[in-house]
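Line by line, the protein sequences give chains A and R.
119 is the number that UniProt numbering gives to position 119 of the first sequence; each next residue is one higher, with no gaps.
87 is the number that UniProt numbering gives to position 87 of the second sequence; each next residue is one higher, with no gaps.
Worksheet for the structure shown next.
2 protein chains.
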Amino acid sequence: MDCLHEEEKWTRDEINKAQLVRLQNTVEQALKAPYYAKKLKEAKINASTIKSLDDLKKIPFTTKDDLRAGYPDAFLATPRSEIVRLHASSGTTGTPTVICHTQDDINSWADLMARCMYMVGIRREDSFQNMAGYGLFTGGLGIHYGAERLGCMTIPAGAGNTRRQLKFIQDFKVKAVHILPSYALHIGEKLKEDGFDPRELPAKIALIGAEPHTEEARQRIEHLLGLRAFNSYGLSEMNGPGVAFECIAQNGLHVWEDAYIVEIIDPKTLEPVKDGEIGELVFTTLCRKGMPILRYRTRDLSRFINGSCVCGREHRRIDRILGRSDDMLIIKGCNFYPMQVEQVLLSFPQVGQNYVLELIKEGSIDQLQVKVEINPAFFEEEKKEDMRVLHQLQRNIAERLKDELLFTPKVDLVEANSLPKSEGKAIRVVDKRKD
Amino acid sequence: MDCLHEEEKWTRDEINKAQLVRLQNTVEQALKAPYYAKKLKEAKINASTIKSLDDLKKIPFTTKDDLRAGYPDAFLATPRSEIVRLHASSGTTGTPTVICHTQDDINSWADLMARCMYMVGIRREDSFQNMAGYGLFTGGLGIHYGAERLGCMTIPAGAGNTRRQLKFIQDFKVKAVHILPSYALHIGEKLKEDGFDPRELPAKIALIGAEPHTEEARQRIEHLLGLRAFNSYGLSEMNGPGVAFECIAQNGLHVWEDAYIVEIIDPKTLEPVKDGEIGELVFTTLCRKGMPILRYRTRDLSRFINGSCVCGREHRRIDRILGRSDDMLIIKGCNFYPMQVEQVLLSFPQVGQNYVLELIKEGSIDQLQVKVEINPAFFEEEKKEDMRVLHQLQRNIAERLKDELLFTPKVDLVEANSLPKSEGKAIRVVDKRKD
Chain A
1 MDCLHEEEKW
11 TRDEINKAQL
21 VRLQNTVEQA
31 LKAPYYAKKL
41 KEAKINASTI
51 KSLDDLKKIP
61 FTTKDDLRAG
71 YPDAFLATPR
81 SEIVRLHASS
91 GTTGTPTVIC
101 HTQDDINSWA
111 DLMARCMYMV
121 GIRREDSFQN
131 MAGYGLFTGG
141 LGIHYGAERL
151 GCMTIPAGAG
161 NTRRQLKFIQ
171 DFKVKAVHIL
181 PSYALHIGEK
191 LKEDGFDPRE
201 LPAKIALIGA
211 EPHTEEARQR
221 IEHLLGLRAF
231 NSYGLSEMNG
241 PGVAFECIAQ
251 NGLHVWEDAY
261 IVEIIDPKTL
271 EPVKDGEIGE
281 LVFTTLCRKG
291 MPILRYRTRD
301 LSRFINGSCV
311 CGREHRRIDR
321 ILGRSDDMLI
331 IKGCNFYPMQ
341 VEQVLLSFPQ
351 VGQNYVLELI
361 KEGSIDQLQV
371 KVEINPAFFE
381 EEKKEDMRVL
391 HQLQRNIAER
401 LKDELLFTPK
411 VDLVEANSLP
421 KSEGKAIRVV
431 DKRKD
Chain R
1 MDCLHEEEKW
11 TRDEINKAQL
21 VRLQNTVEQA
31 LKAPYYAKKL
41 KEAKINASTI
51 KSLDDLKKIP
61 FTTKDDLRAG
71 YPDAFLATPR
81 SEIVRLHASS
91 GTTGTPTVIC
101 HTQDDINSWA
111 DLMARCMYMV
121 GIRREDSFQN
131 MAGYGLFTGG
141 LGIHYGAERL
151 GCMTIPAGAG
161 NTRRQLKFIQ
171 DFKVKAVHIL
181 PSYALHIGEK
191 LKEDGFDPRE
201 LPAKIALIGA
211 EPHTEEARQR
221 IEHLLGLRAF
231 NSYGLSEMNG
241 PGVAFECIAQ
251 NGLHVWEDAY
261 IVEIIDPKTL
271 EPVKDGEIGE
281 LVFTTLCRKG
291 MPILRYRTRD
301 LSRFINGSCV
311 CGREHRRIDR
321 ILGRSDDMLI
331 IKGCNFYPMQ
341 VEQVLLSFPQ
351 VGQNYVLELI
361 KEGSIDQLQV
371 KVEINPAFFE
381 EEKKEDMRVL
391 HQLQRNIAER
401 LKDELLFTPK
411 VDLVEANSLP
421 KSEGKAIRVV
431 DKRKD
């Protein structure tokens, strides 16, 4: 395995052993923070409570509300004089979520990020352009420090100024970029409008993240720009980018388990989901001194991808982010998330760009009605033939949805452009049960 | 002397000795760059040409146009694989000015910047908020790396979002900020409007730069915000911030002569000006490997401040930036710059906010007519008495201008708000000679 760090080659056993020691150290460190001193004392937990990784379950969860309530100091586990960096979530107004880092924290974060970049083929002799905004947002400085750590010629282009971005990519033969998925699509389409083939740009690798996106969006970016796009996952509470990252296999994101313990729980019962089932990601830092966080509920939904990865790394893989736990729906006793429906729908080439999930009443029972536009390109034959094909498609979609959701929703195929378009963020779920 | 680096304590003799060795090394390094290989060969210069610091004069100047013509590669003195950072001047459209740094370059830049911050009283246990934009602009990452190097809790707030800026300054007891002078005034005025005394903010030190500003503007910032503001000078061609910086004495900016050779030349004759006279700043890098630059004509105007500084540092001091060499005017055989006139005018409390310099013909001879608004607060007495006072003021201003410019301009005192106001950048010079 060609990798930057020995830790990437660790076997499951080596990972588990290191995690146990690091978890004990982390609990000890966390006890220095006022919040955990109180919380862990109440739960009668200290480092010696943690005799196996299974004992992690004894530790209470930490939520975003806890972080907010602890603003600005309650999670600090070192004197403020040891802190060299503060980041904050953009979030809504009101109390921000703030994370403080020591120099060691910054170094280990830069190492993790450099490891991700090396894993997808970026080398020190390459030029790298960071097209994400800098400042308190961790996608700027987080990626920047990783690229510099790897030794790339790092161009801190920031967001915007597309013309200059493209000039630098060409003039400095930029091999890899960090870019928001929506900005990547925007740039590609703009170049095509200007009569330039975006595939001729020298960039051959894109790190994409910070926005949830589907596999279909990734493939469209890869096709449009003639590069390979790798999914980056992170959140400021866990440093930022560099928590989990896709390898060359592009089949799930390896969580760096030497630095984090990952759990996936049912957001209602708070119990672990079965392997491969969707649930809420929960992370525990293993290497952080300034602000260690135990069992942080991310509200991001994913699932473990089982089996061994062709890249050889045994660090567990998670699926791309499938939505937010706040989005969960329950129909006929089955929990599911809108992104699961989207995944099924967009796997059919005959399906168009727009769809909507309506929650309706059938008598006294809740039901899901999926309205989905069809792609006119697939229906150019005679009407009679079309009707047969459409009915078959409708049945196929309903069956695949049943496999995914464990109940059979109603599926309505509708004409292209017949569903309401929204300005900005699409409205995908409409609750009609109270009408 | 309480300082971060031994180099700050160097005597003149130690500075000169180090400069000679470093200049020889820099010439040798520069010869690896295609541009200098050609240019220095033509001028028959190599490291052995430099036998004393006086031999610097044999080296041709480098201009911004040279840098542009050499874009993107001609000034690179190391293989691109050694480069870890690229910065670019914002500048106008067209070819940008691009500077490339090795890891050593970035480290020595961070050291210089940390030294500036320590010099004005910032310590590792302090919180520091960087309120300048990040990205390709060197005021973001340049200051950031210095603050982190010093070990401050560095808040990469970036530009804008005033409400959050103020929240962080208060909640994290921010002792020092980096801020544009105009933004500092804006924030102060806004707080006052909201009924809050900006002097109650915990920030007690401001680094101000990136915009030329007068001593009067600095004093207004200090008074408004209840802090001490220190003038920061740098330009991306010489790394960025950290080239010259005010010490506690606030009487000129010390150029870090262990890292730069500074010259001041007459932009017309290209000869050194006499000590204390205004001219164009010219810098030579002494510690840069990626892109050494020899005798760079900055087009920024300043003058040496002679005598020893009370802080004890022997690194030469320059005055605040007095304008751009492109602004130079010639009247009656005397060269001068509009900023010289402004300095004289604003030193009179009776003078208002607006003034204009008109270039006129008196017969066949060029003359300067200074129209300046008076401050009505100073003229509340009876008319007759006023006239006497006004005539005396007019004579005093004319005399002080003569001392500064070496010729006597015409001075017109006009009523407040009678001169044309401009939207945006003020128009201070009007050439009426061709009317």
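Here a beta-carbon is modelled for each residue, glycine too, at the ideal position from N, C-alpha and C.
Nonlocal neighbours in the same chain, by C-beta distance under 7 Å from residue i, ignoring five residues either side
i	result
GLN19/A	LEU53, GLU257, ILE261, LEU286
GLN350/R	ILE374, ASN375, PHE378, LEU393
GLN29/R	ALA77, LYS289, PRO292
Cβ shell of residue i (< 6 Å), same chain only, five flanking positions each side left out
i	result
ASN239/R	TRP109
LEU180/A	ALA210, GLU211
ALA43/R	PRO60
LEU225/R	GLY188, PRO198
HIS101/R	ARG85, GLY290
Exposure label - residue i; buried when at least 16 CB within 10 Å
i	result
THR78/R	buried
PRO156/R	buried
HIS223/A	exposed
GLN165/A	buried
ASN396/R	exposed
GLU193/A	exposed
ASN231/A	buried
GLY140/R	buried
LYS39/A	buried
HIS213/A	buried
Segment limits, alpha helix (DSSP H) that includes residue i
i	result
THR162/R	162 to 171
CYS116/R	103 to 119
GLN24/A	12 to 30
ASP66/A	64 to 69
GLY146/A	138 to 150
LEU253/R	Looking at the DSSP string, LEU253/R is not in any alpha helix (DSSP H); the run it does join, the beta strand (DSSP E), is 253 to 255.
Cβ-based neighbour list, residue i, same chain, cut-off 8 Å, excluding 5 preceding and 5 following
i	result
ALA74/A	ALA33, PRO34, TYR35
PRO338/A	GLY323, ASP327, LEU329, LEU357, ARG428, VAL429
residue 468/R	The requested residue 468/R is not part of the displayed model; chain R covers only 1 to 435.
Residue range of the beta strand (DSSP E) that includes residue i
i	result
VAL341/A	Careful: VAL341/A lies outside any beta strand (DSSP E), inside the alpha helix (DSSP H) at 338 to 346.
residue 446/A	Chain A is shown only over 1 to 435; residue 446/A falls outside these bounds and no answer can be derived.
LEU368/R	365 to 374
ALA217/A	Where ALA217/A is concerned, there is no enclosing beta strand (DSSP E), although the alpha helix (DSSP H) it sits in stretches over 215 to 225.
ALA206/A	205 to 209
ALA229/R	228 to 234
GLU246/A	241 to 246
LEU281/A	279 to 285
Backbone CA spacing between residue i and residue j [nearest angstrom]
i	j	result
GLN340/A	ASP197/R	54 Å
ASN417/R	LEU357/R	16 Å
ARG115/A	GLY121/A	10 Å
LEU86/A	LEU207/R	19 Å
TYR118/A	PRO202/A	18 Å
THR162/A	ILE187/A	7 Å
ILE106/R	GLY312/A	36 Å
TYR71/R	LEU346/R	42 Å
ILE50/A	LYS57/A	10 Å
VAL98/A	LEU67/A	8 Å
LEU359/R	THR298/R	27 Å
ASP104/A	GLU200/R	34 Å
GLN219/R	GLY363/R	42 Å
ILE305/A	ALA37/A	35 Å
ARG295/A	GLY307/A	25 Å
LYS268/A	ASP2/R	59 Å
GLU263/A	THR95/R	51 Å
- Item | Interfacial residues, the stretch 94 to 123 of chain R to chain A, with Cβ spacing under 8 Å | Cβ contacts with chain A: PRO96, CYS100, GLN103, ILE106.
- Can you give me, in chain order, the residues of the stretch 65 to 84 of chain A that have a beta carbon less than 7 Å from any beta carbon in chain R? Within the stretch 65 to 84 of chain A, the qualifying residues are PRO72, ARG80, SER81, ILE83, VAL84.
- Item | Chain-ordered residues of the stretch 261 to 282 of chain R with a beta carbon less than 9 Å from chain A | Listed by position, the residues of the stretch 261 to 282 of chain R near chain A (Cβ gap below 9 Å) amount to none.
- Item | Where the stretch 162 to 188 of chain A meets chain R: residues whose CB sits under 9 Å from a CB there | Of all residues in the stretch 162 to 188 of chain A, ARG163, ARG164, LYS167, PHE168, ASP171, PHE172, LYS173 have a Cβ within less than 9 Å of some Cβ in chain R.
- Please list the residues of the stretch 121 to 150 of chain R that have a C-beta atom closer than 7 Å to any C-beta atom in chain A, keeping them in chain order. Hits within the stretch, in order: ARG124, GLU125, TYR134, GLY135, LEU136, GLY140, LEU141, GLU148.
- Please name the residues in the stretch 291 to 323 of chain A whose beta-carbon is closer than 8 Å to at least one beta-carbon of chain R, in chain order. Answer set for the stretch 291 to 323 of chain A: empty.
- Task: Could you list the residues in the stretch 12 to 31 of chain R with a C-beta less than 9 Å from some C-beta on chain A, going in chain order?
- Result: Shown here is that no member of the stretch 12 to 31 of chain R has a Cβ falling below 9 Å from a Cβ of chain A.
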